[in-house]
Each structure stands twice: as C-alpha cells, then as structure tokens.
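Mind the numbering: the sequence shown is residues 157 to 292 in my numbering, read in order. Some notes on the structure that comes next.
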Amino acid sequence: MYKKIVILVITLIIIFCSGGWYMHKSQQQMAILVISDSENDLDYPNKRKWFDASRWLSTSQYIKIDDFYLLNLKYHPVDNVNDAGIIVILHFAIRDAIKKFPELLKLSQMDNKDFFHFMQNKLSNEYLRTKFNEDT
C-alpha cells in the first residue's frame, strides 16, 4: 500500500512539473500567419506558424500582448518612414537576407537610387502607445 502511494505521489509530481514547464514555454511562444499549402488544410487560408520569442520576451523592453503582437516599451519614433536613411537601411537588410530569401534577388540588385524611388511612399508604420501603471 505504501509503495502505491509513493508511486502515485511521484507520478503526480511529474505531471504537475511537466504541466508547469509546458505553460512556461507556451508563454514564450508567438505566432505569425502564413498561407496554407493546400486548400484541404484544416487551417486554410491561414495557419499559425509558431516560433520561440524568448529572445525578446526575456528582456524588459518588450511585453507580449497576444500570440501575434509585442509592445516595445523603448521604441524610437519614426517621423518619416520615407526618409532616405530608412530606405537605405532596408535595402542593405534585403541584400544581407538574399541567402535566406532568394525571392528578394531583384530588389537586392537594384541601384540605391532606383530602390529609393521604387519604395517611395510604400512604407508605413504604426505605434501602439499606452501608459502602464501598477493597476494594469
């Protein structure tokens, strides 16, 4: 009888610990919506692609709003997204990402001036601004 109680207690401890670990890991998960490969997919037309966001959530700079959005507490406002400096940085980032995203090849091969004119008035941004206090 004593052995059964010990085995039951150990089993319950393992179940609770694994449940706690799962809940902790799921807090660090975030998702993006991607297009399903098939119309027969249960998640058609969009499905969630999950990734580990602990890199961002482990810092005090970001707060997870939901599975898709983070709130950046230390953002730097951008007054004009069509500024040449931002577009040039974007162009460099595209050039650096060619190995991962070969579909960006045409954009990476564009001259800086042509890329600037191509991207002019196509960028937008949005900031979520709010105040947090002890109650929230």
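Cβ atoms here follow ideal geometry from the backbone N, Cα and C, with glycine treated the same way.
Collapsed DSSP secondary structure at residue i in the structure displayed
{"i": "N281", "result": "coil"}
{"i": "I161", "result": "helix"}
{"i": "F207", "result": "strand"}
{"i": "V234", "result": "coil"}
{"i": "T292", "result": "With a pLDDT of 45 at T292, under the threshold of 50, the predicted position of this residue should be treated as unreliable, though the coordinate-derived value follows. Coil."}
{"i": "N268", "result": "helix"}
{"i": "K262", "result": "helix"}
{"i": "A253", "result": "coil"}
Residues bridged to residue i [DSSP beta-bridge criterion]
{"i": "M186", "result": "F207"}
{"i": "Y218", "result": "N228"}
{"i": "I191", "result": "N202"}
Proximity below 8 Å, CB of residue i to CB of residue j
{"i": "V100", "j": "N281", "result": "Residue 100 lies beyond the range of the chain shown here (157 to 292); nothing can be said about it."}
{"i": "D223", "j": "M266", "result": "no"}
{"i": "N228", "j": "H247", "result": "no"}
{"i": "L189", "j": "N202", "result": "yes"}
{"i": "I245", "j": "L260", "result": "no"}
{"i": "Q184", "j": "S216", "result": "no"}
Minimum C-alpha distance to residue i - residue among the options
{"i": "D208", "options": "K220, N268 and L198", "result": "K220"}
{"i": "I191", "options": "R204, F257 and N236", "result": "R204"}
{"i": "L279", "options": "L189, S264 and N236", "result": "N236"}
Check: residue i C-beta below 7 Å from any heavy atom of the ligand MG
{"i": "P233", "result": "This structure simply doesn't include the ligand MG, nor any ligand for that matter."}
>> When you compare the segment 259-275 with the segment 228-244, are there three or more beta-carbon pairs, one atom per stretch, that lie closer than 8 Å?
In response: In short, these stretches touch, since the Cβ pair count reaches three.
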